[in-house]
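Protein chains in written order, with my numbering: chain A, 1 to 114; chain B, 115 to 226.
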């Protein structure tokens, strides 16, 4: 079984630009969650999608958005980038129909805003 | 509401000695609990999980954890540390709605 695939692995953007990150889940996983990881704030939950619908949302500004496609692939978008958006963005997927299943994480996208 | 507290931000052990990473949780429900490991610039890998079956859970790479309801703890242990165990470890609690809360992480250093 292929793992969770996140693209790109590394990204450098300028303040004010926008960026789109992609996550392809493990086959059969319909739930996709996004996390932001920074040294100061640790892992922070952004949002979760299940069957193309946003199921949960963390406490991030509206500049952070996401979507999920019919094949369960998900994208997250950050508009009007700020220096503080520099982080490792992790995608985590699971079989959302079963309770108590842990996530499978991708390797992340390292975003640097300059 | 639920939360998880990792009692040590950094643990340092010598190779070949036991590892103990401490985690306490708070939950209004019967929780599911997980331990994840993260190596530098990598995603998180599931080490083990507790989902109301046996209270002693065995995971990968020789790690295990014991669920103690009376102490609201889920400490991670390994009898003998290896250099490759050096990483960041996260304790996670999940409620029946699959709302997962991560601890702040414990950085494990293994000295030769």
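A virtual CB, placed ideally from N, CA and C, is assigned to each residue, including glycine.
| Asked | Found |
| --- | --- |
| 7 angstroms Cβ cut-off: residues of chain A touching residue 177/B | By Cβ distance, chain A contributes nothing, its closest Cβ being about 14 angstroms from residue 177/B, past 7 angstroms. |
| Own chain, CB closer than 6 angstroms to residue 194/B, minus 5 neighbours either side, in chain order | 130 |
| Cut-off 6 angstroms between Cβ atoms - residues of its own chain near residue 165/B, not counting five sequence neighbours on either side | 146 |
| Residue burial classification, residue 151/B (beta-carbon count within 10 angstroms, cutoff 16) | buried |
| Proximity test, Cβ basis, 9 angstroms: residue 6/A and chain B | yes |
| DSSP three-state assignment for residue 174/B, whether helix, strand or coil | helix |
| Test: residue 198/B CB closer than 9 angstroms to a CB of chain A | no |
| C-alpha gap between residue 308/B and residue 156/B, whole angstroms | No information on residue 308/B is available, as it lies outside the stretch 115 to 226 that chain B covers here. |
| Reduced DSSP category for residue 147/B - H, G, I as helix; E, B as strand; rest coil | strand |
| Three-state secondary structure (DSSP) of residue 123/B | coil |
| For residue 149/B and residue 121/B, believed in contact at Cβ under 8 angstroms, the rounded distance | No, residue 121/B and residue 149/B are not in contact; Cβ-Cβ is about 14 angstroms, not under 8 angstroms. |
| Within chain A, partners of residue 163/B - CB distance below 7 angstroms | 102 |
| Own chain residues within Cβ distance below 7 angstroms of residue 200/B, not counting five before or after | 222, 223 and 224 |
| Exposure label - residue 66/A; buried when at least 16 CB within 10 Å | buried |
| Burial state of residue 62/A, where buried means 16 or more other Cβ atoms lie within 10 Å | exposed |
| Contact set between the region 45-60 of chain A and chain B, restricted to residues whose Cβ is under 9 angstroms from the partner | 45, 48, 55 and 56 |
| Range covered by the beta strand (DSSP E) that runs through residue 214/B | 214-216 |
| For residue 115/B, the nearest candidate out of 226/B, 159/B, 205/B and 213/B (CA to CA) | 213/B |
| Segment limits, beta strand (DSSP E) that includes residue 64/A | 64-68 |
| 7 angstroms Cβ cut-off: residues of chain B touching residue 107/A | 156 and 157 |
| Proximity winner among 133/B, 177/B, 226/B and 141/B, relative to residue 117/B (alpha-carbon distances) | 141/B |
| Bounding residues of the beta strand (DSSP E) (the contiguous stretch that carries residue 42/A) | 42-50 |
| Within chain B, partners of residue 90/A - CB distance below 8 angstroms | 157 and 158 |
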